[in-house]
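The next block holds one structure in the form of structure tokens; read it before the comments.
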Amino acid sequence: MRNQFLKWMGRMNVGDLVTDEVWDSFLPHSFQSLSPYQWTPISVVETTWDFLQNETVTSVVDLGSGVGKFCIHLSYLSQDQFSIIGLEDRSELFQISEDLKPKWNAHGVIFRNTNFLENFPRGASHYYAFNPLYETMKGNHSIDSKKDKSAMLFLRNVQQFKNQLYQCKMGTKLITYHGFGGSVLPGFRVLVKKELPLGEWMVWERI
1 MRNQFLKWMG RMNVGDLVTD EVWDSFLPHS FQSLSPYQWT PISVVETTWD
51 FLQNETVTSV VDLGSGVGKF CIHLSYLSQD QFSIIGLEDR SELFQISEDL
101 KPKWNAHGVI FRNTNFLENF PRGASHYYAF NPLYETMKGN HSIDSKKDKS
151 AMLFLRNVQQ FKNQLYQCKM GTKLITYHGF GGSVLPGFRV LVKKELPLGE
201 WMVWERI
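Oh and the sequence shown: position 192 is 192 in this note's numbering, straight run, nothing missing.
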């Protein structure tokens, strides 16, 4: 599949109108249909960028970056003002992310094919999560059936995620869209909460 869907692409330039329809059109068809449920909407990336412009940002890490939509579009908006890293444990999605980078001139974005629960990246100023543990739940619109799914596994992963976040230094911020898997995050306070048309967007701060 690699490069089959990229051969006809042109490069996007800063200032070009970008919508979800435009962005998703560069994905394989099966991944386009998942977009409303799995990939961060452009409007949510723009909301995140509006917030980050008033922040001191050293790096943003997307925990469960999928096809790279959040990272690549944030890079497009910010023009690489800070480091952007995406962590994705599915090799197919990781490869799509890598192949999309040249199309968006997002050469500064770093994608890593790794599980963020097992290899949590320390030291970022900001983290982003779009309900990253959903794939361990028995829900609709899953990416595939390759991962084990059970309520027990989901709860165990949520606790592990909380433990990882608790070890972040004071002042670290977590930005969530549709939550992180739970409603209570020990050691963090809620700074911002917005009900966007497509879901809840929040900013948490380590205290």
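Even glycine gets a Cβ: it sits at the ideal position worked out from N, Cα and C. Being a predicted model, the structure only gives us computed values, none of them experimental.
- Would you please state the rounded distance, in angstroms, between the beta carbons of K162 and P186? I believe it to be under 8 Å. Confirmed, Cβ separation roughly 6 Å.
- Message: Taking the beta strand (DSSP E) that E200 belongs to, which residues open and close that run?
- Response: DSSP places E200 in the uninterrupted beta strand (DSSP E) bounded by 199-206.
- Query: Is K173 helix, strand or coil by DSSP?
  - Reply: In this structure, K173 counts as strand in the three-state DSSP scheme.
- With respect to the beta strand (DSSP E) encompassing E98, which residues constitute its N-terminal and C-terminal limits? In the DSSP assignment, E98 falls outside any beta strand (DSSP E) and within the unbroken alpha helix (DSSP H) covering 91-100.
- Item | CB-CB length for T176 against M202, believed under 8 Å | Confirmed, about 5 Å.
- Message: Going by DSSP, what residue range makes up the alpha helix (DSSP H) through Y76?
- Response: If you look at Y76, you'll find it in the alpha helix (DSSP H) that goes 69-78.
- Query: What residue range is occupied by the uninterrupted alpha helix (DSSP H) comprising K162?
  - Reply: K162 -> alpha helix (DSSP H) spans 151-166.
- Item | Straight-line Cα distance separating S78 from G58 | Correcting the residue identity first, residue 58 is Thr in this sequence and not Gly. Between T58 and S78, the alpha-carbon positions lie close to 13 Å from each other.
- Residues in its own chain within less than 6 Å of G64 by CB, not counting five upstream and five downstream? Only P132 meet the Cβ criterion.
- Quick one: Cα of G199 to Cα of P41, how far? If I take the Cα positions, the gap works out to 10 Å.
- How would you label H73, buried or exposed, when you count the other beta carbons within 10 angstroms and need 16 or more for buried? Result: buried.
- Item | Spatial neighbours of Y76 in its chain, beta-carbon cut-off 6 Å, leaving aside the 5 residues before and after | Excluding residues within five positions, the ones whose Cβ falls inside 6 Å are W104.
- Three-state class that DSSP yields for H126 in the structure shown: Note: H126 maps to strand in three-state DSSP.
- Task: Quick one: using the 10 Å Cβ neighbour count with 16 as the cut-off for buried, is T136 buried or exposed?
- Result: T136 is buried by the Cβ-count criterion.
- Query: When we look at the beta-carbon of Y128 and count the other beta-carbons within 10 Å, is it buried (16 or more) or exposed?
  - Reply: Of the residues assessed, Y128 falls on the buried side of the cut-off, its CB having 16 or more other CB atoms within 10 angstroms.
- Query: From this set, Q53, K194, T19, I96, which residue's C-alpha is nearest G179's C-alpha?
  - Reply: Here the closest residue by C-alpha is K194.
- Find out if the Cβ-Cβ distance for the pair V67, L87 is shorter than 8 Å. Cβ atoms of V67 and L87: not closer than 8 Å.
- State the Cα-Cα distance for the pair V192 and P102, rounded to the nearest angstrom. Rounded to the nearest angstrom, the two C-alpha atoms are 34 Å apart.
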